[in-house]
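A.B. asks: Attaching a single structure in structure tokens format; questions to follow.
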Amino acid sequence: MRKKTFPRGTHPPEYKHYTEGQRLEKLEPPEKVFIPLNQHFGKPADPLVSKGEEVLLGQKIGDSDELFSATVHSSVSGKVLFVKEHPHPLGSPALTVIIANDGKDTPHPDMKGTKDPFSLKPEDIRSKVRDAGIVGMGGAAFPTAVKLSPPKGKAIDTVIINGCECEPLLTSDYRLMLEYTKDIINGAELVRKAAEAKRIIIGIEDNKRDVFELFKQKMNGFPGETALLKTKYPQGAEKNLIYALLKREVPRGGLPFDVGVVVQNVGTAKAVWDAVSSGTPLYERAVTLSGPGLKENKNLLIRIGTPFKHAVEYCGGLKEGANMLVMGGPMMGLAQWNLDTPVIKGTSGLIVWEEEAFPEEFPCISCGRCVSHCPMGLVPTRLMNYSRHGYYQEAEKWGVLDCVECGCCQYICPAKIPLVHWIRVGKNAITSMKRKKKS
Amino acid sequence: MQFLIPILTLGLLGLLFSIGLSFAYQKLKVEEDPKVEAISEVLPQANCGGCGYSGCRAFAEAVAKGKAEITGCPVGGEDVSQKIARIMGTEAGKAIKKVARVHCRGNTKAAREKGIYLGITTCHAAHIIGGNKECVYGCLGFGDCVRACPFDAIHMGEEGLPVVDADKCTACGKCVDACPRDIIDLQPVSQNIMVFCRSLDSAAAAKKACKNACISCGICVRACPEAIVLENNLAVIKDYKKIDPEKIPAIEKCPTDAIGRITKEENHEG
Amino acid sequence: MPPKKSIGAEYLKGLWNENPVFRQLLGMCPTLAVTNAVINGIAMGLATAFVLILSSLVVSSIKKLIPSQVRIATYIVIIASFVTIADRFLAAFFPPISKALGPYVPLIVVNCIILGRQEAFSSRNSIGRSLIDALGMSTGFILALLLLSSIRELLGSGSFLGHQLLGSWFKPWTIMILPAGAFITLGVLLGIALLIESKTKARSV
Amino acid sequence: MKENTFILKSSPHFRDKDSVSKIMYAVIISLIPAVAASIYFFRLKAALIYITCVASCLITEAVFLKVRKKDMHSLWDGSAIITGLLLAMTLPPSLSLDLVIIGSVMAIALGKQVFGGLGYNVFNPALVGRAFLQIAFPVAMTTWIPPSTLQVNTATFATPLGNLKFLASITEGSLTPLKDLFWGNVGGCLGETSAIALLAGALFLLFRKVIDWRIPVGIISALAVFTGIFWITSPDKYTHPLFHVLAGGLLIGAFFMATDMVTSPITPLGAWIYALGIGSLIGLIRLFGGFPEGVMFSILFMNTFVPLINRYTRPRILGERRRRA
Amino acid sequence: MDLLTLFVAAILVNNFVLYYFLGICPFLGVSKKIDAAFSMGMAVTFVMTLTAVASWMINHWILIPFGLDYLQIVSFILVIASLVQLVEMFIRKMSPPLYQALGIYLPLITTNCAIMGLALLAALKNYDFIKTVVFGVGSGLGFTLAIVLMSGIREQLDLADVPEPLKGAGIALIVAGIMALAFSGFSGMIK
Amino acid sequence: MNLSARMIVVLTAVGLISGSFLSVVGLLTKERIAMNQQLEIQNAISEVLPSTKTSHKVFEDESLTIYESRDENDNPVGFAVYASGTGFQDIITLMYGIDPSFSKIKALTILEQKETPGLGAKITDKTSFLRYWEGRNCEQPLSLRKPAVESPGNLAPSEVNAITGATISSEKVLDIVNLSLERLKEIKQKGQLSSEEKNAT
Ligand SMILES: Cc1cc2nc3c(=O)[nH]c(=O)nc-3n(C[C@H](O)[C@H](O)[C@H](O)COP(=O)(O)O)c2cc1C
Ligand SMILES: Cc1cc2nc3c(=O)[nH]c(=O)nc-3n(C[C@H](O)[C@H](O)[C@H](O)COP(=O)(O)O)c2cc1C
Ligand SMILES: Cc1cc2nc3c(=O)[nH]c(=O)nc-3n(C[C@H](O)[C@H](O)[C@H](O)COP(=O)(O)O)c2cc1C
Ligand SMILES: Cc1cc2nc3c(=O)[nH]c(=O)nc-3n(C[C@H](O)[C@H](O)[C@H](O)CO)c2cc1C
Ligand code: SF4
Ligand code: SF4
Ligand code: SF4
Ligand code: SF4
Ligand code: FES
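So this is what it looks like as structure tokens:
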């Protein structure tokens, strides 16, 4: 079978063997959970509970009137200790509901299943998805309900289930696909129904052939197929994935629905199935804990709001000298500065290692490698240079906003220039300039 | 005859040329911004194009319209830039001379570092990945403001905080725009008491992050309730004019020095 | 207007602070073109000085009569007249130099220094001051030409004013008499000038 | 658990192993065969020129680093050594050492450091140094000696291309034999004589993916086509393309100098334009210009176009509408 | 020397900027941005062509017949100045976009020795009418080539770590020097 | 006075005044400049035809000017040919003397050139280049000797020495001479050399 792929990109060492064989284990929830009200793309939710209130497992504790937002649920039963700012994995502290776990996991009565999920109407699926607080679990944490309601005139024909997991080290999606195959396929079918699409494509990289064969078998009877993709980073980035699978190009600044596609992560698909079939909101997710800095490497199912410290201790703690703590994969993940920050809906992994001497930075030697590896067709060195010198308008003209921050350019750069960081500076400056202009 | 021809030729050329010009002048008179004239006046009139514009006049127009940098004239140098800045500035706030003021005292001794920062060493870059200090409101100390100042009026002090030289500052506002944490603003030179913190953290968090943070204890508010209020865990001077000079010593009792008189170093007098 | 400078300062500013070549980047074309030998540089400098001084005199004395709209045109005619005089004079009495300088003597007419000085100074100042200013600028220009042409002639031919200075051990750098050498030498000199400037400034602060 | 000792930085956190200095040292290694060949052909004098060149390049570089208060470490990034080696390889073996020093100083000072050092230069530093020498000391730079392996007894000796330039017509035996060109048994600049040694190094670089294959391919094919057209129309006046490819500085220029990353375009399309430009200009100068050889001028000339080429050959961004041609 | 060689020579070999040192001021002044440089180049080419025509007519119809060659300087400069003025007026009236792109550079051209130099050189070399025009267009294009290349390089150098004192005109002159070196590869090509 | 009127008057007045000035200057210098040019030509003629006493123009067109020269006794000494063409860089202008029968070049001198100093500019060098032109047989087109020889005696009758390192400039000079020789012979055949205007120059 010919493997599909997209132009350019790179292939960093995978290191998936650390955790590939580790079954997903359920991690006991800690004594205190810290559930931020801002775990998604869009407006943070407003708290629905206050200090001292008793809450149940799966109870809605945050919601918002805005379209671009998502509900937040309690991942334990117990008592609200505080609603206050707490360190957040995305950087700045954010409003967080801190709950003391009573250890009972008393479920909330609203968590009721549906007998025949496949007979539900699209709107019903969408509203259940929204009520369950589901957001994209592939990284961007985009509210899934919004994604499933494309604007008028943008018909969706294909649902792509993203099983690439192209980031090195991470294996949580892989384990989900192995262990919850049926749930994912069912979830995909629900997504297809909700988006009123014709078919499903499940894209899997060829370093996960076992999963590919599994899906091929179990997809029988569903309108869709399983596609084998070349192992290449960032195969899972949606614009590249769509190109690889369908040869369609999402227009600049556009979204997948502009070309009739919805892309959902496998974890998202499973969450959709859970929400619709058993009424379980998104309060738990699969997380890979890996890297040479951890005593043991594991794949865990972790309650949202669990501080990293708790999970790390379950893995035997940090090794001496571990100084690099990254939430997500090594290519796109965010460096963490302490272990008090909680697991959120978008946390796919926690990677720990010891960073040795920082590489010496050279000036750009115009080798062009960043250009020939950028999956988006950008000229990263120029974007970097423009940002560095504050020429933001030029950077915008050269497409800085099209950068998906995949990191290929910086990975490959022999001069060791922090290209992505500079590009982010440029993007940030441009968007804040635009915001200023609007107001 | 030998003399006449050249005389006539040149006279004729002059005549033609002047008729053309006067015609042009009358047909194409354009109303002008008085600022253009004023700026034109201080420019060196070399018409060298060094500014990238087609001559001094064009440059003056561009500056008046805000399209060109006031420092764009390489021939005139700093002298001329200052003059232009004044011309442009008089429009905005005439009488009171303002200067840039930094509202943070989270220097290297006071503010706690978050970790080992190995990112790009500019404030903007550090800011977008959450900063290098525990306080997410305070100065990052990488001097974006210093680099932004066209008049060399702002420098990084010894303790990692920027210091404005009030004499050199023309209140152009570049540093204000440059600071990602919005902790610089323009204030009248005469105003010498202000809040040197922008942290909205609760008292405990603020205290943990920085020794000089405002802990919203309210001492200053009690000292001068007419002018100072607490908003979102932060003391704010609502109306500077209402501060009675006699109350300043009481205000200066602030346990963390987050409010008080501007020091000599901060005013670059030392 | 800035406070009036003393006469001495008015003269001296042309030498360094407002040196037409190094500080104002004016009159670059003749500066580059004719400095392949010292004698040419000096001749060019003198010719320019002649035009600059006389036209400054004339302009400042009739400045009140000229309506601003024909200011430039008038200046051009005045300058062109003096240039013609200089050109004819050289051609008549120093034919070799006139030949070496080629079209660059007539080109004094478009030398930005001259028009720039009329615009910036003579049209606004008294005759005396304009004269001093023109003298200062001319001196500055001549010095700049002298410096550049000395370097180029010395390195390019090993001589100064035609006298062989460097011995036969020296291999002349032909490039210095050619365009490339002119550009590069002037570029480097400009860099040095700015370096000195920033050093002296740093000291005075 | 310790606090506040974690590293804060932006993603990605992985980096490829290749680095600027590794790339530079790869180039140095690839030059070894050609350097060895030239020392074999020109003996001690060649070795002296190499040493002088590399040493004066390094010293000049060091002085600039010192004055500009930069990290002295970058003296050893390898780029100054390459500049020195390549400059030496483009010098005539008879050149006296004082001129060699002048050329090296100019290469680093004028060609590299005035622009800000590694990565910022617009022109190929080694060629700036050579061009400076060529224009400053034209006679010394066009005086050739035969290699020690060749027995000739004329006082003046011409390079294969110099010979070609002033040949009234091409006849049997009037050209330097291809076999000599290939092995290097001819006169000329130090490094350009032996085609086989250069090709060996070039293959290594291509294999290691240090250089962009488009550039040598583009240059060689453009030159071959250009000279081929004239050869086919009048073979008695013009020689065949293979001679042009093997003679003079073409191979060293195409594989080692035009490929200098800093001074060549960064986009693939740009590389083609640049390479085709160089190739045709070399043909133009060799056949119709005042100089027997045009590699140096062509590369420098196309260097001036690189910023424009980079600007106007931006790749198509994914999802950008195809521009109408 | 046929017209084609004259044309090519004017662009590459005897480039106005790099060989004759004419028009250095705009070459240094307006070469910071490619767009501006290109407009300037076009404006110069345009005016040069006109100047070539006008100065030839003045020279051959008035000055030479009356033996007034010593009025060359004054009359050329007057003609150029009024021509530029006229063109500027005309463009401003007829096409505002063209004025924005080109017209605003015109005043700078009046005191540009490239234009005057063209008139003088053409007279000095005794070119006939056609040659004068070809020389004018070629020289203008040569100027455009040089200034556009320079601006491309300077845009790039804007992002480089050029030593402080060399920034601006210093480095631009050095680049011009090396460009002159590169261009000298074409000398000897005129047959 | 209204503004445009004033503009016109001022500019016209300035034009008139400067015109009058210049006319004086022009007239004062005209003769001298003309004389300088004459002198230059005459010097050149006597350089290439040393025994010249008088000379006059016998032919002139765009690229060629021919002077006939006579000695004290009004015997023809030969012709001085003033010709130009492109060199390595720019135009080369030269003059050479030739005997009345067009068989021998008497001497060559370069009047104007912009060749590379130290290289092509050696074409003005009396000892290394020009000396080898004296007495060359020019019934055939001349040819270049390369590599150069040590003394004129080693040259074939119609050969001249090239300059080492500046073959092109040498060739260009040769081309100019050969071309003008050809034209000279042509002109003579057409009988255009017998000049009507005998005004001695
Ligand atoms: C560089 C890059 C790499 C990505 N890699 C993956 C991936 O391996 N797996 C994945 O599910 N999503 C990945 N994503 C996110 C997808 O682009 C897309 O947002 C996601 O699949 C949408 O599904 P979701 O909304 O269910 O998360 C990546 C995004 C980027 C920018
Ligand atoms: C004279 C000299 C020769 C060197 N040769 C090589 C070499 O052939 N290959 C190499 O990778 N590094 C070589 N190095 C080391 C490099 O300078 C540099 O330290 C090293 O490549 C850094 O790579 P790393 O940081 O990725 O390990 C050499 C250093 C010196 C001083
Ligand atoms: C800067 C420079 C200027 C040159 N100028 C001339 C010149 O004016 N005349 C000339 O014939 N050759 C000149 N040359 C050399 C020619 O291009 C060519 O190399 C030479 O004519 C070959 O002649 P040869 O075979 O006698 O060495 C110059 C070379 C350089 C590098
Ligand atoms: C493939 C390759 C080719 C190079 N060629 C040259 C060269 O021709 N001349 C030179 O001075 N440096 C060369 N360098 C070294 C380095 O890139 C050069 O010094 C930079 O231009 C300095 O900024 C080369 C480097 C590489 C990797
Ligand atoms: S520029 Fe952006 S999209 Fe392109 S490789 Fe770099 S990070 Fe990825
Ligand atoms: S990969 Fe790095 S060194 Fe190469 S062009 Fe890109 S930024 Fe420059
Ligand atoms: S940037 Fe402007 S406002 Fe800020 S210190 Fe400098 S002069 Fe003052
Ligand atoms: S820009 Fe702001 S954060 Fe940066 S040093 Fe200046 S005041 Fe501090
Ligand atoms: S002196 Fe030539 S353009 Fe200014």
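Protein chains in written order, with the working numbering: chain R, 1 to 439; chain U, 1001 to 1270; chain H, 2001 to 2205; chain S, 3001 to 3325; chain P, 4001 to 4191; chain A, 5001 to 5201.
By construction, the Cβ of each residue, glycine as well, lies at the ideal position given by its N, Cα and C atoms.
Relative to ligand 7, what is the chain-ordered list of residues with a Cβ closer than 7 angstroms to any of its non-hydrogen atoms?
C.D. replies: Qualifying residues come out as U:VAL1099, U:ALA1100, U:CYS1145, U:ALA1148, U:CYS1149, U:PRO1150, U:PHE1151, U:ALA1153, U:ILE1154, U:VAL1164, U:LYS1168, U:CYS1169, U:THR1170, U:ALA1171, U:CYS1172, U:GLY1173, U:LYS1174, U:CYS1175, U:VAL1176, U:ILE1184 and U:LEU1186.
A.B. asks: Answer yes if the stretch 18-33 of chain R comes into contact with the stretch 116-135 of chain R, meaning at least three C-beta pairs across the two stretches below 8 angstroms, and no otherwise.
C.D. replies: No: the two stretches stay apart, fewer than three of their Cβ pairs being nearer than 8 angstroms.
A.B. asks: In three-state terms, what does DSSP make of THR3313 (chain S)?
C.D. replies: Here THR3313 (chain S) sits in coil by DSSP.
A.B. asks: Counting only Cβ pairs nearer than 8 angstroms, list the residues of chain H close to ASN4112 (chain P).
C.D. replies: Those are VAL2110, listed as they occur along chain H.
A.B. asks: Flag PRO3125 (chain S) as yes when its Cβ comes closer than 7 angstroms to any non-hydrogen atom of ligand 4, and as no otherwise.
C.D. replies: Yes, Cβ of PRO3125 (chain S) sits closer than 7 angstroms to a heavy atom of ligand 4.
A.B. asks: Does DSSP put VAL4084 (chain P) in a helix, a strand or coil?
C.D. replies: Three-state DSSP puts VAL4084 (chain P) in a helix.
A.B. asks: Would a check of beta-carbon distances place ILE5168 (chain A) closer than 8 angstroms to chain S?
C.D. replies: ILE5168 (chain A) counts as touching chain S.
A.B. asks: Starting from the beta carbon of LEU4159 (chain P), find every residue of chain R whose beta carbon is closer than 7 angstroms, and list them in chain order.
C.D. replies: Under the 7 angstroms cutoff, chain R gives ASN385 and HIS389.
A.B. asks: What residues from chain A crowd round VAL2077 (chain H), counting only those whose CB sits closer than 7 angstroms?
C.D. replies: Chain A residues near VAL2077 (chain H): VAL5014, GLY5015 and SER5018.
A.B. asks: Taking 7 angstroms as the cut-off, is the C-beta of MET332 (chain R) nearer than that to any heavy atom in ligand 1?
C.D. replies: The answer is yes for MET332 (chain R).
A.B. asks: Does DSSP classify VAL49 (chain R) as helix, strand or coil?
C.D. replies: DSSP places VAL49 (chain R) in coil when its eight states are reduced to three.
A.B. asks: Is MET3072 (chain S) buried or exposed, if buried means 16 or more other CB atoms sit within 10 Å of its CB?
C.D. replies: The residue is exposed, with fewer than 16 neighbouring Cβ atoms inside 10 Å.
A.B. asks: Do the stretch 74-87 of chain R and the stretch 6-22 of chain R meet, that is, are 3 or more Cβ pairs less than 8 angstroms apart?
C.D. replies: Not touching, per the Cβ criterion.
A.B. asks: Excluding the five sequence neighbours on either side, which residues of its own chain have a C-beta within less than 8 angstroms of the C-beta of ARG5070 (chain A), listed in chain order?
C.D. replies: Excluding sequence neighbours, ARG5070 (chain A) sits near THR5052, LYS5053, THR5054, SER5055, PRO5076 and VAL5077.
A.B. asks: Comparing the CB of GLY1130 (chain U) with every heavy atom of ligand 8, is any distance shorter than 7 angstroms?
C.D. replies: Checking the Cβ of GLY1130 (chain U) against ligand 8 gives no.
A.B. asks: Can you find a heavy atom of ligand 6 that lies under 7 angstroms from the Cβ of CYS413 (chain R)?
C.D. replies: Yes - ligand 6 has a heavy atom lying nearer than 7 angstroms to the Cβ of CYS413 (chain R).
A.B. asks: Taking its Cβ as the centre, do 16 or more other Cβ atoms sit within 10 Å of LYS4125 (chain P), making it buried, or is it exposed?
C.D. replies: Its Cβ having fewer than 16 others within 10 Å, LYS4125 (chain P) is exposed.
A.B. asks: Which residues in the same chain as SER2150 (chain H) place their Cβ atom closer than 7 angstroms to its Cβ, once the five residues preceding and following it in sequence are excluded?
C.D. replies: Taken in chain order, the residues that qualify are VAL2038 and PHE2160.
A.B. asks: Using a Cβ-based criterion (distance less than 7 angstroms to any ligand heavy atom), does GLU405 (chain R) qualify as near ligand 5?
C.D. replies: Flag set: Cβ of GLU405 (chain R) near ligand 5.
A.B. asks: For PRO3125 (chain S), write down the residues that DSSP places opposite it in a beta bridge.
C.D. replies: Answer by DSSP bridge pairing: none, since PRO3125 (chain S) is not bridged.
A.B. asks: Return yes when the C-beta of VAL2105 (chain H) is under 7 angstroms from any heavy atom of ligand 8, and no when it is not.
C.D. replies: The answer is no for VAL2105 (chain H).
A.B. asks: Mind checking which residues open and close the alpha helix (DSSP H) that includes SER127 (chain R)?
C.D. replies: Start and end: 122-131.
A.B. asks: For HIS1124 (chain U), go through chain R and note every residue whose CB falls closer than 8 angstroms to its CB, in chain order.
C.D. replies: VAL425, ASN428 and ALA429, listed in chain order.
A.B. asks: Determine, using beta carbons only, whether GLY1106 (chain U) comes closer than 8 angstroms to chain H.
C.D. replies: Closer than 8 angstroms: no.
A.B. asks: With respect to 7 angstroms, is the separation between the Cβ of LEU3118 (chain S) and the closest non-hydrogen atom of ligand 4 below this value?
C.D. replies: Yes - ligand 4 has a heavy atom lying nearer than 7 angstroms to the Cβ of LEU3118 (chain S).
A.B. asks: Return helix, strand or coil for TRP2206 (chain H), following the three-state DSSP convention.
C.D. replies: Outside the shown range of chain H, which is 2001 to 2205, sits residue 2206 (chain H), and nothing can be said about it.
A.B. asks: Please work out which residues of its chain come closer than 7 angstroms, Cβ to Cβ, to LYS3002 (chain S), disregarding the five sequence neighbours upstream and downstream, and give them in chain order.
C.D. replies: Legend: pLDDT at LYS3002 (chain S) = 49, less than 50; position of this residue unreliable, no value from coordinates given.
A.B. asks: Check whether the Cβ of ARG8 (chain R) sits closer than 7 angstroms to any heavy atom of ligand 6, and report yes or no.
C.D. replies: For ligand 6, not one heavy atom lies less than 7 angstroms from the Cβ of ARG8 (chain R).
A.B. asks: What are the boundary residues of the beta strand (DSSP E) that includes HIS1124 (chain U)?
C.D. replies: That residue, HIS1124 (chain U), is in no beta strand (DSSP E); its alpha helix (DSSP H) goes 1123-1128.
A.B. asks: Pull up the distance between the alpha-carbon of PHE2050 (chain H) and that of ARG388 (chain R), whole angstroms please.
C.D. replies: Cα-Cα distance, rounded: 50 angstroms.
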